[in-house]
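Written out below as structure tokens is the structure these notes cover.
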Amino acid sequence: MDVALAVPPVTRVDTPPLLALWQITVDFAARGGGMVRVVHGIDLDIRPGETLGLVGESGSGKSVTCLAALRLLPAEAQIGGRIAFDGADIARMGAAQLQSLRGGRIAIVFQDPAAALNPTQTIGWQLRERLVRHQGLRGEALQAAAIAALARVGIADPAQRLEDYPHHLSGGMCQRAMIAMALTGKPSLLIADEPTTALDVTTQAQILALLRDLQRETGMAMVLVSHDLGVIAESCARVAVMYAGRIVEQGPTTEIFATPRHPYTRGLLDSLPRIDHVVARLAAMPGALPQPGRLPPGCSFAPRCDRARPACVANMPRLEMQGARALRCLHPHDGPPAPPGIVQMEPGADQQGVPMVEAQALGLRYAPRRLLGLFARGAAVQAVDGVSFTLHRGETLGLVGESGCGKSTVARMVAGLLTPSNGALRFAPERNAAPGVPAPRFAQLVFQDPLGALDPRQRIAAQIAEPLEIHRIGNAASRRAEVLRLLDAVGLDPALAEAFPHRLSGGQRQRVVLARALALRPPMLIADEPFSALDVSVQAQVIELLAELQAREALTLLFISHDLRVVRRICGRVAVMYAGRIVETAPAERLFGSPQHPYTQALLAAVPSPDLGARPSHQPLRGEPPSPLRPPPGCRFHPRCAMARPLCRVEAPALRELFQGQAVACHVAHGDA
Amino acid sequence: MNGAWMAAKLLRAAATLLLAVTVVFIVLRLAGDPAEILFGDNVGEESLIRYRALWGLDQPLGVQYLLYLRSLLLGDFGLSSQSGASAWQLMMGRLPYTLQLGGVSLLLAVLIGIPAGVAAALARGSLTDRVVMLAAVSSFCIPNFVLGVVLILVFAEQFGWLPSHGTGGIWHLVLPALTLGTGWAGVLARFARSAMLEVLGQPYIRGARASGLTEGRVRWRHALPNAAIPLVTILGFMVGGLVAGAIVTESIFAWPGVGRLLVDSVKLRDLAVVQAIVLMVAATMVAANLVVDVLSAWLNPRLPAATGA
Ligand code: SF4
Ligand code: SF4
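Protein sequences appear in the order of chains A and S.
All residue numbers for the first sequence refer to our numbering, where the first residue is 593 and numbers rise by one.
All residue numbers for the second sequence refer to our numbering, where the first residue is 44 and numbers rise by one.
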């Protein structure tokens, strides 16, 4: 077992910690009886005013640790160890004391802000309730304070927004409202538990900037929990890396990111695709996080560690102090990591090649919903408007943009699941089905949510063989052989053929979905956010798999994603969508190297980078994408564009080619970069 | 709430009602010639023809349907073949009794079932929880006729504390209301418990706790109103099924309500009265549904009706 070691602070050694966790353990009741330990003795100090990043993949225990600190876990959970806040023992507090601490001196904001707000009460009601609780305000002062609180977190029209229900607001707005509520108690510590995970990248940048500003203004300390190393690097002075319920490495962010010593920390950094260059091959760690209660003996990371030695399996290494850093490893790395092998991304196929898909001025309009066919409710929604592109054989085209920009709608139209209301789709002759009809042997669609895509009551082999059966390909024996070949192709153990989906991890399920999509040997794959549910280390494995399959089978790939880093790794060409239109398209090298459209530039700038020195200096893009119900006239980006001119408000810019292969829809961009 | 939504709901309710009326009309005509049913073999062919002409039964079916609709709109549900009185008035004479019994039973069920279910949810896994759930399950497993008979045997026959049948003072209401209300209370307790547990597991409840709100506020101002949304739907079903649900109980306790009138009229093949009651039940269900929709929209701002769009 670990020895309790208080970690020395990075700054102000003399100041006593604001929040100190000693040997925190958390046990949950296991399904089959007994207890399962999910947090194995965490020691953490947070000093006044500092920002600590807690990073780890899902299931590493980072959120549970935070909830345990405020005793917000369900009653079944058993918490061990000591939690001291400003000298007071939280574990021994009575209900009243604990309640005035929560939301008072310690505030917390959660992931998925829309779900963390009561859906049946207005924002104003919920905000006023907190103001009454923590500031004892009444009457006009209360209303004025509520308006001021929303204004302070950058919500426009605060008096109006007070009357809104949470479902009227976007995710970013809800998170701002949550932050406003958290600030009502004038906290000296704010715990932000994955505060931007459910948000779009430009909104994420806004929220992170807001949190930094508020912190500067109030001097509060902050614990930022995130799975995203980029987010941590940009916001935190100190970082603790968690793995399987333990801290494995801790120290100043600059040092940890410059010379990660723990193999897991290094693996995490290497797994993350970068936006500024393409690594020849993401160094994916094998395997996945172990299940709580099924930890391997000794070092929990040993089964995935390329430096493991027999001693690692014998005993769990201790968290040892080295100056300002702490490390739990017997054979750590020394020195900075080797520079990655950077490659040039090929556009994939020659542009003169055979077109697989040609989209011309594609549009999709949803008619307004009607009640009993009589009353039109709302306006027609133009989800996609005038989208044109050509996808050549063997090419990988990334379609990127924030949620609601229409990228998934385009994917569905190409797959034949939706019929365009305007424009035309032309396909290579081998797709011998009418446009608007799915042609599974021509293109397969791979979705997000691998769990939802698989039937929980069917064995893996049966699910992979299903398309073959539907199309009456081969006999039982040849299908069986094909299933084994596919399992091998996606890197799954053939023994899993007879397993049911619930036995598989998220990454394995996504591999099964890929295998099934490839069963009919389609020349083309349409992947809609296929990795967004996966952890970084697992995501890296599946990205590499997809890249490899694409190259080996010469697949044509239409790749839809909100994650520009992933698109950078996989795609030869990229099209950026905003509010239903393509605003820029270019070969990946060009688009990431020298973006021309103001929106593309803002989007790239908003992607958090784990590279030191890449701390954000820019102002995040203001505002939010327009509602598809009421897109602004002219250039749809103009209300948010720093370069907008009067012309932009009236005339929609057409896509013009500025460089070879780089086309931009902007009145102002000249391509002189 | 917005006008178009309300208008659409009213239209749908009217359409449902029309459908019910049409079905009743068809069933009545399928049952045979009303003149023959009424008079049987006792009268001559000539009187039958005269009777048919008088009531328009010799007209084409479409015309008959329109005539039928017109008479319903005028409040004319026909005459009882037994007493010759207006079927409508016969039914309306009994309705207050059913409303009295049903209303008291429902009130009892709400006042006992919902607090019990909520208490069980708040003390999940405790002894209270298990006792409440055991009581709830047994209460709706016991059929009303068994419970009614047992209550009569114990409180009327054995101890003679309460009257076993008929109407009179408030004491006459106790046993039938208990009989009818117990099962409903059990159902409500189960639903209240699961609705409350579901809401208590939502992230916004954790969010409310995390902002230091007192446990009382979290429970009563955040959890309960959200848990009430599904309960309103269940209550609507109960109100809609009130007459049908009361049949057995009214028969056991000789309670002069609509349920018993229905049973008697079916026995006597008094079609006009049966038809009036069936249409009334249909109308109650439609009305209850409408009220549920309006109440849900009021409780749940996420429903389309509540948004002004
Ligand atoms: S202790 Fe051994 S197995 Fe664990 S991380 Fe270090 S080198 Fe790898
Ligand atoms: S057209 Fe105008 S508003 Fe649109 S992106 Fe270009 S400069 Fe900005």
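Just so it is clear, CB atoms sit at the ideal spot from N, CA and C, and this is done for glycine as well.
Item	Value
Contact list for the region 135 to 168 of chain S against chain A, Cβ threshold 8 angstroms	none
CB-CB length for GLU1121 of chain A against SER1070 of chain A, believed under 8 angstroms	No, GLU1121 of chain A and SER1070 of chain A are not in contact; Cβ-Cβ is about 33 angstroms, not under 8 angstroms.
By C-beta, the residues closer than 5 angstroms to any heavy atom of ligand 1, given in chain order	A:PRO855, A:CYS891, A:PHE893, A:ALA894, A:CYS897, A:ARG899, A:ALA900, A:CYS904, A:PRO909, A:CYS921, A:LEU922, A:HIS923
Simplified DSSP state of ASP336 of chain S, which is helix, strand or coil	helix
Residues proximal to ligand 2 by C-beta, any heavy atom closer than 5 angstroms	A:PRO1190, A:CYS1227, A:PHE1229, A:HIS1230, A:CYS1233, A:MET1235, A:ALA1236, A:CYS1240, A:PRO1245, A:CYS1258, A:HIS1259, A:VAL1260
Alpha-carbon spacing of LEU133 of chain S relative to VAL316 of chain S, whole angstroms	8 angstroms
Contact between the region 786 to 793 of chain A and the region 1125 to 1133 of chain A (3+ Cβ pairs under 8 angstroms)	no
Burial state of VAL1168 of chain A (16 or more Cβ within 10 Å)	buried
Closest residue to ALA266 of chain S among S:MET239, S:MET176, S:GLY288, S:HIS208 (Cα-Cα distance)	S:MET239
Which listed residue (A:ARG1161, A:PRO909, A:PRO852) has its alpha carbon closest to that of HIS632 of chain A	A:PRO909
Nearest-angstrom Cα separation, counted from PHE1184 of chain A out to LEU1156 of chain A	9 angstroms
Within chain S, the residues that LEU1126 of chain A reaches when beta carbons sit closer than 8 angstroms	None at all; the shortest Cβ gap to chain S is about 22 angstroms.
Exposed unless 16 or more other CB atoms sit within 10 angstroms - verdict on MET135 of chain S	exposed
Cβ-based neighbour list, SER1013 of chain A, same chain, cut-off 7 angstroms, excluding 5 preceding and 5 following	GLY955, LEU956, ARG957
Beta carbon of PRO924 of chain A nearer than 8 angstroms to that of ARG853 of chain A	yes
Check whether GLN1142 of chain A and THR988 of chain A have beta carbons under 8 angstroms apart	yes
Every unbroken beta strand (DSSP E) inside the region 857 to 918 of chain A [3 residues or more]	912 to 914
LEU314 of chain S versus ALA1026 of chain A: straight-line alpha-carbon distance, rounded	59 angstroms
Between the CA atoms of LEU1009 of chain A and PRO1030 of chain A - distance to the nearest angstrom	6 angstroms
Straight-line Cα distance separating ARG1049 of chain A from GLU1090 of chain A	12 angstroms
Continuous alpha helix (DSSP H) assignments of at least 4 residues falling wholly in the region 1098 to 1136 of chain A	1098 to 1110
Top-ranked residue by Cα proximity to LEU919 of chain A, from A:GLN883, A:ALA972, A:ARG858	A:ARG858
Local Cβ density within 10 Å of PHE1034 of chain A, reported as buried at 16 or more and exposed below that	buried
Given ALA199 of chain S as reference, the closest of S:ILE295, S:LEU243, S:GLY302 once Cα atoms are compared	S:ILE295
Residue-level contact to chain A via CB, ALA270 of chain S, 8 angstroms cutoff	no
Residues of its chain near GLY945 of chain A, where Cβ-Cβ distance is below 6 angstroms and the 5 sequence neighbours each way are ignored	HIS984, ARG985
Cβ neighbours of ALA941 of chain A in the same chain (closer than 7 angstroms, five flanking residues each side left out)	Note that ALA941 of chain A scores a pLDDT of 48, beneath 50, so its modelled location is shaky; the value from the coordinates is reported in the next line. Only HIS984, ARG985, GLY986, GLU987 meet the Cβ criterion.
Rounded separation between THR225 of chain S and VAL175 of chain S - CA only	13 angstroms
Short Cβ contact (8 angstroms threshold) for LEU646 of chain A with VAL815 of chain A	yes
Given SER652 of chain A as reference, the closest of A:VAL831, A:TYR835, A:PRO1231, A:VAL745 once Cα atoms are compared	A:TYR835
Sequence-distant residues of its chain with Cβ nearer than 8 angstroms to ALA622 of chain A (five each side left out)	VAL628, GLY885
Neighbourhood of ALA164 of chain S by C-beta distance below 6 angstroms, restricted to the same chain and skipping five residues each side	ARG236, MET239, LEU240
Extent of the continuous alpha helix (DSSP H) to which PHE68 of chain S belongs	46 to 73
Boundaries (first-last residue) of the beta strand (DSSP E) holding ASP977 of chain A	973 to 984
Residues bridged to LEU201 of chain S [DSSP beta-bridge criterion]	Reading the sequence as shown, one finds Gln at residue 201 of chain S and not Leu. According to DSSP, GLN201 of chain S bridges with nothing at all.
Buried or exposed by the 16-neighbour rule on C-beta atoms within 10 Å, applied to GLY288 of chain S	buried
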